[in-house]
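Chemist: Below is a structure I'd like to ask you about.
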Amino acid sequence: MNNKRIDLELITSLVDKKIRVLDVGCGNGELLQSLKTKNDVIGQGLELKQERVNQCVEKGLSAIQGDADKDLSLYPDQSFDCVILSQTIQATGDPKLILKELIRIGKKAIVSIPNFGYWKVRLSLGINGRMPRTKKLIYNWYDTPNIHLCTILDFINLCNELNIQIEKTITLSSNNNKSYNGLPNKLSNLFSEEAIFLIKS
Amino acid sequence: MTFEQNKLPCSYFTEKKSLLLENGTSIDELTVAYESYGKLNKNKTNAIIVCHALSGDQFVASKNPITEKDGWWDRMVGPGKPIDTDKYFIICANVLGGCIGSTGPTSINPNTNEAYGLSFPVITISDMVNAQLRLINNFGIEKLLAVIGGSMGGMQVLEWAASYPEKLFSAIPIATSSRHTAQNIAFHELGRQAIMADPEWSGGNYIKLGTSPTKGLSIARMTAHVTYLSEASLTKKFGRRLQDKEEVSFGFDADFQIESYLRHQGLTFVDRFDANSYLYITRAMDYFDLEKTHGKTLTEIFEKTKTRFLIASFTGDWLYPPSENLMIVRALSAGGVDVSFVNIESDKGHDAFLLDEPEFDGAMRGFLDSVSKEVNI
Numbered sequence: 001m002n003n004k005r006i007d008l009e010l011i012t013s014l015v016d017k018k019i020r021v022l023d024v025g026c027g028n029g030e031l032l033q034s035l036k037t038k039n040d041v042i043g044q045g046l047e048l049k050q051e052r053v054n055q056c057v058e059k060g061l062s063a064i065q066g067d068a069d070k071d072l073s074l075y076p077d078q079s080f081d082c083v084i085l086s087q088t089i090q091a092t093g094d095p096k097l098i099l100k101e102l103i104r105i106g107k108k109a110i111v112s113i114p115n116f117g118y119w120k121v122r123l124s125l126g127i128n129g130r131m132p133r134t135k136k137l138i139y140n141w142y143d144t145p146n147i148h149l150c151t152i153l154d155f156i157n158l159c160n161e162l163n164i165q166i167e168k169t170i171t172l173s174s175n176n177n178k179s180y181n182g183l184p185n186k187l188s189n190l191f192s193e194e195a196i197f198l199i200k201s
Numbered sequence: 001m002t003f004e005q006n007k008l009p010c011s012y013f014t015e016k017k018s019l020l021l022e023n024g025t026s027i028d029e030l031t032v033a034y035e036s037y038g039k040l041n042k043n044k045t046n047a048i049i050v051c052h053a054l055s056g057d058q059f060v061a062s063k064n065p066i067t068e069k070d071g072w073w074d075r076m077v078g079p080g081k082p083i084d085t086d087k088y089f090i091i092c093a094n095v096l097g098g099c100i101g102s103t104g105p106t107s108i109n110p111n112t113n114e115a116y117g118l119s120f121p122v123i124t125i126s127d128m129v130n131a132q133l134r135l136i137n138n139f140g141i142e143k144l145l146a147v148i149g150g151s152m153g154g155m156q157v158l159e160w161a162a163s164y165p166e167k168l169f170s171a172i173p174i175a176t177s178s179r180h181t182a183q184n185i186a187f188h189e190l191g192r193q194a195i196m197a198d199p200e201w202s203g204g205n206y207i208k209l210g211t212s213p214t215k216g217l218s219i220a221r222m223t224a225h226v227t228y229l230s231e232a233s234l235t236k237k238f239g240r241r242l243q244d245k246e247e248v249s250f251g252f253d254a255d256f257q258i259e260s261y262l263r264h265q266g267l268t269f270v271d272r273f274d275a276n277s278y279l280y281i282t283r284a285m286d287y288f289d290l291e292k293t294h295g296k297t298l299t300e301i302f303e304k305t306k307t308r309f310l311i312a313s314f315t316g317d318w319l320y321p322p323s324e325n326l327m328i329v330r331a332l333s334a335g336g337v338d339v340s341f342v343n344i345e346s347d348k349g350h351d352a353f354l355l356d357e358p359e360f361d362g363a364m365r366g367f368l369d370s371v372s373k374e375v376n377i
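Line by line, the protein sequences are chains A and B. Quick note on numbering: the numbering used here labels position 124 of the first sequence as 124, and the sequence is numbered without any gaps. Quick note on numbering: the numbering used here labels position 161 of the second sequence as 161, and the sequence is numbered without any gaps.
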């Protein structure tokens with residue numbers, strides 16, 4: 001299984017059955033499709049690239065073109081049971097606002113992030129003196145859409161600041177995924193490439 | 001031409017029950033001319049209404065008996081096509097106020113035994129929808145699988161969804177708007193003025209007087225036709241090419257191919273359309289303003305509706321541009337409505353929705369498939 005698939009399966013495992021889900025940055029609908037088939041959810045996608053929206057609709061998924069930075073304000077309070085933001089928050093203009101929006105719109109939210117505290121990332125910058133490029137961070141410094149990268153600890157701190165509860169955390173490393181009720185192990189900030197958080201207000 | 005006297009081969013539904021109109025008056029006897037395709041299933045859950053645009057008709061997927069051309073959306077509606085007649089029961093009705101068999105200004109007023117002409121009441125998009133509602137009630141259809149339409153057809157779709165949400169599983173408004181803009185009204189006014197400036201229009205009494213405002217109607221059509229195209233499509237198709245000549249004539253004949261094309265469009269239109277009908281239908285479109293009619297914002301109108309929406313627009317459409325369609329999408333999202341939106345890359349102008357756009361076909365097919373799965377067809 002590749003990384004993307006694992007990510008998708010883990011997120012699917014956190015989503016209850018038959019609920020209303022908004023997938024922000026839904027891409028070509030892979031996650032929505034999986035949630036619809038496996039969890040029987042009523043899904044809706046928001047995606048920046050029109051071409052990908054068209055692909056979603058062709059698959060029978062509901063999706064619209066829109067920008068997470070601008071268009072989340074359209075959605076009414078608590079209009080979804082769960083809002084998902086997978087591997088996208090680091091590319092948004094105002095992650096703090098986005099986080100607030102996610103738990104305003106959704107009764108719960110699932111956010112996954114690439115962990116900038118991962119040891120390989122630290123090594124790359126600390127020892128090699130180069131901007132890190134890893135399996136999760138595939139871009140060059142000059143073409144990356146990732147303008148707001150953070151570590152697992154940074155993310156937890158922001159949640160605390162916003163009084164957001166972290167209900168569950170799943171940490172991912174190349175061959176070991178761990179699930180925690182609440183906060184993850186302290187060491188995961190060093191040894192995890194990615195983390196998935198289930199949060200609520 | 002009066003089509004009423006010379007009935008076209010299609011189905012007719014007539015009801016001697018008055019239809020109350022938005023302007024407060026009513027029509028005593030309603031006739032709806034329509035075509036249907038496919039088979040209505042036992043539970044009557046597979047019915048789709050396709051709403052036609054300003055100059056359209058009920059012959060969506062069958063040969064038009066007047067022009068002898070294929071149906072206007074033949075590429076979209078048919079066996080195995082995105083709106084699949086093997087799966088769905090499809091109805092397309094000539095609109096109220098039209099001239100292809102439904103009650104309109106060319107019809108005989110049962111109270112006077114003369115053609116209505118300008119005594120026909122000014123109708124609206126919601127009146128058109130109410131006439132269609134009578135037709136589906138007659139079929140015993142409780143809930144439509146979908147109502148689909150582009151341009152003015154899209155306005156009818158929006159009106160259906162706003163007024164009768166409980167009667168629709170899904171709505172597909174295409175290349176449309178929730179209200180006519182000043183620019184939209186302006187182009188229609190050009191057309192109407194052209195018709196009324198034709199002496200043969202005879203104050204709207206041309207049927208009685210035996211005159212025929214073909215000049216006016218054809219100019220109206222020429223003006224409108226330009227708004228359906230785009231600069232890119234005109235340049236691609238005609239450029240500055242001359243019509244059957246090497247040099248310009250230093251006169252006012254149709255030197256350029258585009259002139260000759262437009263004249264042809266105008267001339268053939270008068271064979272299949274009635275001038276007064278053109279006035280009435282363009283007026284209905286100009287009056288269309290969903291928020292005003294319903295006295296609510298778009299979001300309030302559609303809030304929490306169970307109807308699923310697919311909205312489509314085309315990048316090269318400047319008549320009902322993507323921004324107008326997107327406005328509806330945003331309002332629906334804000335109302336917590338299940339909505340999909342595709343904006344199709346095309347330089348073919350407003351008419352793109354009628355033309356070969358495979359990405360659009362894919363969206364239509366995918367959306368209808370998923371709705372029909374939900375409804376268990």
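Glycine included, C-beta positions come from ideal geometry on N, C-alpha and C. As the structure is a prediction and not an experimental result, all values here were calculated from the model.
Over what stretch of residues does the beta strand (DSSP E) that includes B/P173 continue unbroken?
Modeler: Taking the first residue of the second sequence as 1, we reach residue 173 of chain B at position 173. That run of the beta strand (DSSP E) goes 170-174.
Chemist: Since A/A109 meets chain B, which of its residues come closer than 8 Å, beta carbon to beta carbon?
Modeler: Counted from its first residue, the first sequence places residue 109 of chain A at position 109. The premise fails here: A/A109 is roughly 17 Å from chain B at the closest Cβ pair, so nothing lies under 8 Å.
Chemist: Please list the residues of the region 362-376 of chain B that have a C-beta atom closer than 7 Å to any C-beta atom in chain A, keeping them in chain order.
Modeler: G362, A363, G366, F367, D369, S370
Chemist: Use the C-beta contact count for A/T37: other C-beta atoms within 10 angstroms, 16 or more gives buried, fewer gives exposed.
Modeler: Here residue 37 of chain A refers to the residue found at position 37 of the first sequence. By the neighbour-count rule (16 or more Cβ atoms within 10 Å), A/T37 is not buried but exposed.
Chemist: Taking the continuous alpha helix (DSSP H) assigned at A/N39, which residues delimit it?
Modeler: Mapped onto the first sequence, residue 39 of chain A falls at position 39. Start and end: 30-39.
Chemist: Closer than 9 Å, Cβ to Cβ, to anything on chain B: give me those residues from the region 94-107 of chain A, in chain order.
Modeler: none
Chemist: In or out: A/L125 buried (at least 16 other Cβ within 10 Å) or exposed?
Modeler: Reading the first sequence from its first residue, position 125 is the one you call residue 125 of chain A. Its Cβ having fewer than 16 others within 10 Å, A/L125 is exposed.
Chemist: How long is the line joining the alpha carbons of A/P145 and A/G93, rounded to whole angstroms?
Modeler: Working through the first sequence from its first residue, we reach residue 145 of chain A at position 145. Working through the first sequence from its first residue, we reach residue 93 of chain A at position 93. Rounded to the nearest angstrom, the two C-alpha atoms are 10 Å apart.
Chemist: Can you tell me whether B/R283 is helix, strand or coil according to DSSP?
Modeler: Within the second sequence, the letter at position 283 stands for residue 283 of chain B. Correct three-state label for B/R283: helix.
Chemist: Does the CB of A/Q65 have a neighbour CB from chain B at under 8 Å?
Modeler: The sequence position of residue 65 of chain A within the first sequence is 65, counting from 1. Yes, A/Q65 counts as interfacial toward chain B.
Chemist: Which residue or residues does DSSP assign as beta-bridge partners of B/E15?
Modeler: Working through the second sequence from its first residue, we reach residue 15 of chain B at position 15. B/L30.
Chemist: Is the Cβ of A/Y139 closer than 8 Å to any Cβ of chain B?
Modeler: Taking the first residue of the first sequence as position 1, residue 139 of chain A is located at position 139. Not an interface residue.
Chemist: Would you please verify whether the beta carbon of B/E359 is less than 8 Å from any beta carbon of chain A?
Modeler: If you number the second sequence from 1, residue 359 of chain B lands on position 359. Chain A, which has a Cβ nearer than 8 Å to the Cβ of B/E359, makes this yes.
Chemist: I'd like to know whether the C-beta of B/A352 is nearer than 8 Å to at least one C-beta of chain A.
Modeler: As a first step, residue 352 of chain B is located in the second sequence; it is residue number 352 there, counting from the start. Closer than 8 Å: no.
Chemist: State the Cα-Cα distance for the pair B/S323 and B/V329, rounded to the nearest angstrom.
Modeler: One-based indexing of the second sequence puts residue 323 of chain B at position 323. One-based indexing of the second sequence puts residue 329 of chain B at position 329. Using only the alpha carbons, I get a separation of about 10 Å.
Chemist: According to DSSP, simplified to helix, strand and coil, what is B/D84?
Modeler: Taking the first residue of the second sequence as 1, we reach residue 84 of chain B at position 84. If DSSP states are grouped into helix, strand and coil, B/D84 belongs with the strands.
Chemist: Less than 8 Å separating the beta-carbons of B/I27 and B/F288?
Modeler: Residue mapping note: residue 27 of chain B aligns to position 27 of the second sequence, counting from 1. Residue mapping note: residue 288 of chain B aligns to position 288 of the second sequence, counting from 1. Taking 8 Å as the Cβ cut-off, B/I27 and B/F288 do not qualify as a contacting pair.
Chemist: Strictly by DSSP, which residues pair up with A/R20?
Modeler: For the purposes of this step, residue 20 of chain A is identified with residue 20 of the first sequence, where counting begins at 1. Bridge partners of A/R20: A/I42.
Chemist: Is any beta-carbon of chain A found at less than 8 Å from that of B/F341?
Modeler: What you label residue 341 of chain B is simply residue 341 of the second sequence in a count that begins at 1. At least one chain A Cβ lies under 8 Å of B/F341.
Chemist: In chain A, what lies closer than 7 Å to B/V329 by C-beta?
Modeler: Here residue 329 of chain B refers to the residue found at position 329 when the second sequence is read from its first residue. Near B/V329 (Cβ distances below 7 Å), the residues of chain A are I64.
Chemist: Contact criterion: CB-CB distance below 8 Å. Does B/L310 meet it with respect to chain A?
Modeler: Along the second sequence, one-based indexing puts residue 310 of chain B at 310. Under the 8 Å criterion on CB atoms, B/L310 is classed as interfacial with respect to chain A.
Chemist: In the DSSP assignment, what residue or residues form a beta bridge with B/Y37?
Modeler: Here residue 37 of chain B refers to the residue found at position 37 of the second sequence. Looking at the DSSP assignment, B/Y37 forms a beta bridge with B/I90.
Chemist: For A/K100, which of helix, strand or coil comes out of DSSP?
Modeler: Counting from 1 along the first sequence, the entry for residue 100 of chain A is found at position 100. Helix.
Chemist: Residue range of the alpha helix (DSSP H) that A/G129 falls in?
Modeler: By 1-based counting over the first sequence, the position of residue 129 of chain A is 129. No alpha helix (DSSP H) contains A/G129, which DSSP labels as neither H nor E.
Chemist: Should B/D253 go down as buried or exposed, given a rule of 16 or more other Cβ atoms within 10 Å for buried?
Modeler: Locating residue 253 of chain B in the second sequence gives position 253, counting from the first residue. Classification for B/D253: exposed.
Chemist: How many Å lie between B/L413 and B/F59 at the Cα?
Modeler: Since the first residue of chain B shown is 1 and the last is 377, residue 413 of chain B is not available in this structure.
Chemist: How would you call B/Q132, buried or exposed, if buried means at least 16 neighbouring beta carbons within 10 angstroms?
Modeler: Here residue 132 of chain B is taken as the residue at index 132 of the second sequence, counted from 1. By the neighbour-count rule (16 or more Cβ atoms within 10 Å), B/Q132 is buried.
Chemist: So, with DSSP's three-state summary, where would you put B/E4?
Modeler: Mapped onto the second sequence, residue 4 of chain B falls at position 4. The pLDDT assigned to B/E4 is 46, lower than 50, so where the model puts this residue is not dependable; a value taken from the coordinates is nonetheless given after this. Reduced to three states, the DSSP call for B/E4 is coil.
Chemist: Between the C-alpha atoms of A/I11 and A/D40, what's the straight-line distance to the nearest angstrom?
Modeler: The residue given as residue 11 of chain A occupies position 11 in the first sequence. The residue given as residue 40 of chain A occupies position 40 in the first sequence. Taking the straight line from one Cα to the other gives about 14 Å.
Chemist: Between the C-alpha atoms of B/A197 and B/G203, what's the straight-line distance to the nearest angstrom?
Modeler: As a first step, residue 197 of chain B must be located in the second sequence, where it is residue number 197. As a first step, residue 203 of chain B must be located in the second sequence, where it is residue number 203. Cα to Cα, B/A197 sits roughly 9 Å from B/G203.
Chemist: Is it right to say B/H264 is buried, meaning 16 or more other beta carbons lie within 10 angstroms of its own, or is it exposed?
Modeler: For this step, residue 264 of chain B is matched to residue 264 along the second sequence. Classification for B/H264: exposed.
Chemist: Which of the three DSSP states is assigned to B/P121 in this structure?
Modeler: Counting from one through the second sequence, the residue named residue 121 of chain B turns up at place 121. Correct three-state label for B/P121: coil.
Chemist: Roughly how far, in whole angstroms, is the beta-carbon of A/G29 from the beta-carbon of A/Q55, given that I think they are within contact range, below 8 Å?
Modeler: As a first step, residue 29 of chain A is located in the first sequence; it is residue number 29 there, counting from the start. As a first step, residue 55 of chain A is located in the first sequence; it is residue number 55 there, counting from the start. Right, the Cβ-Cβ distance comes to about 7 Å (below 8 Å), so this counts as a contact.
Chemist: Is A/Q65 helix, strand or coil when you go by DSSP?
Modeler: Counted from its first residue, the first sequence places residue 65 of chain A at position 65. A/Q65 falls in the strand class under three-state DSSP.
Chemist: Specify the secondary structure class of A/G106 as computed by DSSP and reduced to three states.
Modeler: Here residue 106 of chain A refers to the residue found at position 106 when the first sequence is read from its first residue. A/G106: strand per DSSP, three-state reduction.
Chemist: Going by CA-CA distance only, name the one from B/E29, B/F169, B/L158 that's closest to B/Y116.
Modeler: Working through the second sequence from its first residue, we reach residue 116 of chain B at position 116. Checking every option, the nearest Cα to that of B/Y116 belongs to B/E29.
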